[in-house]
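Residue numbers (this note's numbering): 665 to 1176.
Reading through the structure tokens given below for one structure.
Quick look at the structure:
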């Protein structure tokens, strides 16, 4: 083969790869279903389930009845037409509020959900914990079954129960905060439950801390039943810090791993994520010169006094012992960084964070009002992609994507985040980018174009393009734009996502 043939073959090969890659990128298709009336999702927990229908389970705390309201909307998978809506809340008596209060809601299998409830027993002066099975398709539920109880002082000082579910849905963990004991050490109740809500192990534990009315702690459980508590420690004349308490149910031993930093960096946001039977803690570190979270934010100038200075990675082995604790400081501080999603692949992880801020202001003139209404303003300056080596805790690289999207109000920030998934080993981001469009008469209008942005594991930008085929956000007279809070996997190459207008939602299929 002569030199000219070699050169020509390389050109043909390169051209073929480019064409093939572009075809792969542009092969996505969108199919949108029926629109339906807008629903307010502000400060609500939303879960989607795909079975023979699409289910949207919504949960929020209603101050008027002092209980959680839970509904399940059902949609056809063919055209996403809304079929039915079920109220799964506790039935309220004619006068007053039900004593049985929904505590937490988890999907167990398919359309079967587990609901946990608490109730104050006035006769026994006890705080009691119950569960039952609720089917979000039929609405059928069995009577609540009691799990445990703990002593309460009175209806105003009765403690609290927190629950967690393992990612493989084989275990639940329960943290029972006892009622406030003045000038005594803080005590807790711990339970490990199996998938059938049977008690595997239970214990009580006393912290080496004086009891506090304002306790701040969260409970987690691994895929093999190891229990973790992330607790905020606030001591006099010290900066608050986090500690991870690990309870091994088999040995009934409690270990404590302090996450306190030697300097003034503090963990202000974190996630725990299972890696098989191990657990990964990822914490965002607040830069030492930052103000308190949410202070000094200029919504017009898009500046904030809140800065992230790095990431703390901590990994726990299958037995709950500490693998490592690795701090990674950023080269440049980042404003308004909040967690979005962590995607685990083999020994590495993609961490996607939003450069976002939410401003919440009361609209009520009566500060004693029982159910205060608020205005919410949402800001987003873009996103930060962090590629993490979960074997040794190192931050391999950061990639900042800056956007200048218009701020929004009272829409739950529906357009301002990013949807993230992996395909062919690469990270795919879907987000909005405002561009100017004209109609046939020359009138101009800003529309949010959906963008697909792809990065390799080395941080290389592989492509960035507006997805014209989506059919939303790209036309002058089309009111729907990509809702960047909903991405529901159906299979390896099919997702359900959602579009939003001022008055309606609609679901649709994305096929890669």
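Even glycine gets a Cβ: it sits at the ideal position worked out from N, Cα and C.
query: Which residues mark the beginning and the end of the beta strand (DSSP E) in which residue 935 is found?; result: 930-939
query: Once the 5 residues before and after residue 1109 are set aside, which same chain residues still bring their CB inside 7 angstroms of it?; result: 1101 and 1140
query: Apart from the five residues on each side of it in sequence, which residues of its chain come closer than 8 angstroms, Cβ to Cβ, to residue 799?; result: 775, 776, 777 and 805
query: Quick check on DSSP: helix, strand or coil for residue 758?; result: coil
query: Under three-state DSSP, which class holds residue 710?; result: strand
query: How about the stretch 983-994 and the stretch 1066-1083: do they share at least three Cβ pairs that are nearer than 8 angstroms?; result: no
query: Measure the alpha-carbon distance for residue 753 versus residue 797 and round it to whole angstroms.; result: 13 angstroms
query: Compute the distance between the beta-carbons of residue 1000 and residue 976, then report whether it is under 8 angstroms.; result: no
query: Please report how far the alpha carbon of residue 1151 lies from the alpha carbon of residue 883, in whole angstroms.; result: 26 angstroms
query: Taking the runs of the beta strand (DSSP E) that are 3 residues or longer, which of them lie wholly in the stretch 885-926?; result: 891-897, 905-912 and 917-922
query: Can you give me the Cβ contacts of residue 784 inside the same chain, cut-off strictly under 7 angstroms, excluding the 5 residues immediately before and after it?; result: 763, 791, 816, 819 and 822
query: Please state if the CB of residue 1115 and the CB of residue 1128 are separated by a distance shorter than 8 angstroms.; result: yes
query: Quick one, are the C-beta atoms of residue 1149 and residue 1081 less than 8 angstroms apart?; result: yes
query: With DSSP as the reference, identify every bridge partner of residue 1169, one or two as the case may be.; result: 700 and 1164
query: If you compare alpha carbons, which of 1104, 789, 749 and 824 is closest to residue 782?; result: 824
query: Three or more C-beta pairs under 8 angstroms: does that hold for the stretch 1008-1028 against the stretch 1037-1047?; result: yes
query: Within 10 angstroms of the Cβ of residue 900, are there 16 or more other Cβ atoms? Answer buried if so, exposed if not.; result: exposed
query: Quick one: Cα of residue 1009 to Cα of residue 832, how far?; result: 16 angstroms
query: When you compare each of 888, 860, 896 and 886 to residue 876 by their alpha carbons, which one comes out closest?; result: 896
query: Thinking residue 903 and residue 930 are a contact (beta carbons under 8 angstroms), I'd like their distance in whole angstroms, please.; result: 6 angstroms
query: Mapping the DSSP letters down to three states, classify residue 1049 as helix, strand or coil.; result: strand
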